[in-house]
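Chemist: Numbering (my numbering), first residue to last: 6 to 138.
Even for Gly, the Cβ is constructed at its ideal location relative to N, Cα and C.
#1: Going by the CB atoms, is the gap between residue 51 and residue 18 shorter than 8 Å?
#2: With a threshold of 8 Å between beta carbons, is residue 29 in contact with chain C?
#3: Who are the Cβ neighbours of residue 127 in its own chain at under 8 Å, not counting the five residues just before and after it?
#4: Compute the Euclidean distance between the alpha carbons of residue 45 and residue 25, then round it to the nearest angstrom.
#5: Since residue 68 and residue 98 are thought to touch, with beta carbons under 8 Å apart, how far apart are those beta carbons, to the nearest angstrom?
#6: Out of curiosity, what's the CA-to-CA distance linking residue 115 and residue 93?
#7: Is it buried or exposed, residue 117, if we count other Cβ atoms within 10 angstroms and call 16 or more buried?
#8: Our contact map puts residue 64 next to residue 72 with C-beta atoms below 8 Å; I'd like the distance itself, whole angstroms only.
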């Protein structure tokens with residue numbers, strides 16, 4: 006459960022920050038100060054991300070529990086990465102499938118969120134079960 010929450014929070018906090026930087030500086034040529042002044046938008050993105058990702062993260066947690074002690078950590082992370090990547094694309098597709106038919110800024114959103122959640126799967130270690138003696 007703690008692992009799932011770490012991956013979830015990492016994704017919903019880091020992704021909006023990366024998006025603000027990438028969309029602001031690289032794509033829209035905004036100044037760094039104007040990006041910093043749009044913190045309200047980033048905060049809303051974090052809240053919306055938390056809410057909209059609840060179903061996907063519940064399933065993530067269930068998959069994690071189901072795989073526990075049944076496959077190696079490496080296989081578990083590969084399966085969780087695959088699911089995470091797909092869950093981001095499915096969630097965005099449900100909200101607006103236009104990002105698939107044409108390249109847009111929303112496509113960058115999907116790519117950033119997908120990359121961030123997969124990175125989260127790999128950087129956090131699985132918690133060690135405590136031995137009861």
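Modeler: Reading from the atomic positions:
#1: One-based indexing of the chain shown puts residue 18 at position 13. One-based indexing of the chain shown puts residue 51 at position 46. Yes, these two residues count as a Cβ contact at 8 Å.
#2: Going by chain labels, chain C is absent from the structure shown, which holds only one protein chain.
#3: Mapped onto the chain shown, residue 127 falls at position 122. Cβ within range, chain order: 82, 86.
#4: Here residue 45 refers to the residue found at position 40 when the chain shown is read from its first residue. Here residue 25 refers to the residue found at position 20 when the chain shown is read from its first residue. Answer to the nearest angstrom: the Cα atoms are 11 Å apart.
#5: Translated into the one-based positions of the chain shown, residue 68 becomes position 63. Translated into the one-based positions of the chain shown, residue 98 becomes position 93. Contact flag wrong, Cβ pair sits at about 20 Å.
#6: Within the chain shown, residue 115 is the residue found at index 110, counting from 1. Within the chain shown, residue 93 is the residue found at index 88, counting from 1. If I take the Cα positions, the gap works out to 7 Å.
#7: Within the chain shown, the letter at position 112 stands for residue 117. Buried: at least 16 other Cβ atoms inside 10 Å.
#8: For this step, residue 64 is matched to residue 59 along the chain shown. For this step, residue 72 is matched to residue 67 along the chain shown. About 12 Å; that fails the 8 Å criterion.
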